[in-house]
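Encoded as structure tokens, the structure appears first; notes follow it.
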Amino acid sequence: MQNQAKAIQAFLLTHIPKHPGHVVTMTMEKFGVSRTTVLTHLKKLIEANQVIRTGTTKQTLYSLVGSARQQFSFSLKKPLDEFTVFSETIAPVLRKLVNPMALNILEYCITEIVNNAKDHSKGSKVSISIVVQKKDICIAISDDGVGVFQNLQEAFHFDCLQEALFELTKGKLTSNPGAHSGEGLFFTARACDSFALTANGLCYFRENTENDWTFSKASKKIGSQIELTLERKTTRVLKDLFIAYQDPEGDLSFAKTDVTIKLAHLYGERLISRSQAQRVARNLEKFTHVALDFSHVDAIGQGFVDQLFRVFQNQYPHIHIYYINANPDVEFMIKRTVRVK
């Protein structure tokens, strides 16, 4: 028990610099412990003068003693321009802290998130926190609205909140197509070193430096919170990200996507039915290239495979569908069922 306590506290001290707003959920997932247990260890680190806790219940951030933090709040009850927010308030701070490539990435991400909060959250304010560590910078943006997954569930009549999350990760999903393309959160989730979106009791986390992700339950709070972490002297180039999802033979628009199949496990069930495959394929006709990512998927059924790789492909022959990160059992079932292009 004592060894676990030391391991938990060491994990917290290691991951707070990059994940000041997401570290509690990460620790719960890593050690299989309750939120109360993690908060107890954080309290001990605070009392030992190693960690600082700031913010409100809605947006609690943890940082190591000695790190710098600034917070800004903007009303959504009156007209708000996201580019004015960035250029007049956020950019003057960031220019002193990050290199030009990081500034370019953060400008894109912050303006997209603030715009989404303004147009979709139905909240009264949006808050932006900047936490500066030695190597990294973390931006946490929160609103007090309905929460992104509930908003999408209501707009599209999804069966559950997790289905809304799954559809959001594919890209080109928006409840306001007249004003939005549905690209913003898709690229924001991939632009920085890590990305965490928490809303309506769910948390979706991407570790882009390791090309990995996690999905977990989270404590229910009002609104949505997004946490971005990026090296202050990053070598990432935002243009390269957009190019990676363009169709080189088309008009260079957003034409490729990758679908995280594991997120289709809405209730932990095996992926065996055609109806499950239809859920995976929903809205994929909007793309010309679709990568089906089978990471962390142990097995799939014949009906599921046939629906995706034969039936759907025959309906949309212009789409190039292919699979990645399949284990031997999954790959065997795919090859056994259909001839994949």
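Mapped onto my numbering, the consecutive letters of the sequence shown carry residue numbers 1205 to 1545. Beta carbons are placed, not taken as given, at the ideal position from N, Cα and C, and that holds for glycine.
Check the C-beta distance from residue i over to residue j and give it rounded, since I have them as a contact under 8 Å.
| i | j | result |
| --- | --- | --- |
| G1351 | A1321 | That pair is no contact at about 11 Å. |
| E1489 | Y1520 | 5 Å |
| F1491 | T1461 | 5 Å |
| L1512 | A1481 | 5 Å |
| D1347 | G1405 | Contact doesn't hold; Cβ gap of about 16 Å is too wide. |
| V1302 | R1436 | 5 Å |
| F1508 | A1530 | That belief does not hold up - the Cβ atoms of F1508 and A1530 are roughly 13 Å apart, past 8 Å. |
| R1440 | M1305 | 6 Å |
| K1248 | Q1213 | 7 Å |
| I1528 | Q1517 | Incorrect: roughly 16 Å between the Cβ atoms, too far for contact. |
Considering only the alpha carbon of each residue, which of the options lies closest to residue i?
| i | options | result |
| --- | --- | --- |
| S1398 | K1222, F1215 and L1217 | K1222 |
| L1265 | E1431, K1424 and T1439 | E1431 |
| K1300 | V1484, Q1450, I1341 and L1268 | I1341 |
| L1243 | V1534, N1253 and M1232 | M1232 |
| L1369 | K1421, V1336 and S1385 | K1421 |
| E1316 | A1359, S1271 and T1378 | T1378 |
| H1522 | Q1506, H1493 and I1294 | H1493 |
| V1484 | V1463, I1504 and K1443 | V1463 |
| I1538 | T1402, I1504 and Q1517 | I1504 |
| V1330 | E1286, I1465 and D1451 | E1286 |
| K1338 | A1295, F1390 and S1267 | S1267 |
| Q1450 | F1391, E1414, Y1408 and T1433 | F1391 |
| K1282 | I1250, I1256 and D1323 | D1323 |
| Q1506 | I1256, M1230, Y1526 and V1542 | V1542 |
| I1220 | I1294, S1457, A1211 and V1255 | V1255 |
| V1177 | L1217, F1536, V1318 and Q1208 | In the structure as shown, the chain starts at 1205 and stops at 1545, and residue 1177 therefore has no counterpart that could be examined. |
| N1412 | L1365, T1438 and K1424 | T1438 |
| I1294 | I1314, L1284, S1279 and L1280 | I1314 |
| A1495 | E1367, I1465, D1510 and P1452 | I1465 |
What would DSSP say about residue i, mapped onto helix, strand or coil?
| i | result |
| --- | --- |
| E1535 | helix |
| D1340 | strand |
| I1317 | helix |
| V1289 | helix |
| G1388 | helix |
| Y1312 | helix |
| F1362 | coil |
| A1214 | helix |
| K1545 | Caution applies to K1545, whose pLDDT of 45 falls short of 50 and renders its modelled position unreliable; the value that the coordinates give is listed next. K1545 falls in the coil class under three-state DSSP. |
| K1248 | helix |
| A1209 | helix |
| K1376 | coil |
| I1525 | strand |
| I1294 | helix |
| D1347 | strand |
| A1481 | helix |
| L1356 | helix |
| I1220 | coil |
| A1272 | strand |
| R1540 | helix |
| V1242 | helix |
Given a cut-off of 8 Å, decide if residue j and residue i are closer than it, judged by their beta-carbon atoms.
| i | j | result |
| --- | --- | --- |
| V1501 | L1475 | yes |
| Q1263 | S1333 | yes |
| A1393 | Y1312 | no |
| V1336 | S1271 | yes |
| A1400 | H1245 | no |
| V1297 | Q1274 | yes |
| I1343 | L1310 | yes |
| G1388 | K1376 | no |
| R1188 | E1358 | Within the shown structure, residues of the chain are numbered from 1205 to 1545, placing residue 1188 beyond reach of any answer. |
| I1250 | R1239 | no |
| F1353 | A1403 | yes |
| N1308 | L1442 | yes |
| C1407 | T1229 | yes |
Please report whether the beta-carbon of residue i lies at a distance below 8 Å from any beta-carbon of chain D.
| i | result |
| --- | --- |
| I1538 | Protein chains in the displayed structure number just one, and chain D is not present. |
Quick one: does the C-beta of residue i sit closer than 7 Å to a heavy atom of the ligand COA?
| i | result |
| --- | --- |
| L1365 | Looking for the ligand COA in the displayed structure turns up nothing, as the structure carries no ligands at all. |
Q: Can you check the stretch 1489–1518 for any beta strand (DSSP E) of at least 3 residues that lies completely inside it and give the ranges in chain order?
A: 1493–1497
(Q) So within the stretch 1392–1461, which uninterrupted beta strand (DSSP E) runs reach at least 3 residues, ignoring any that extend past its ends? (A) 1398–1403, 1406–1411, 1416–1421 and 1428–1435
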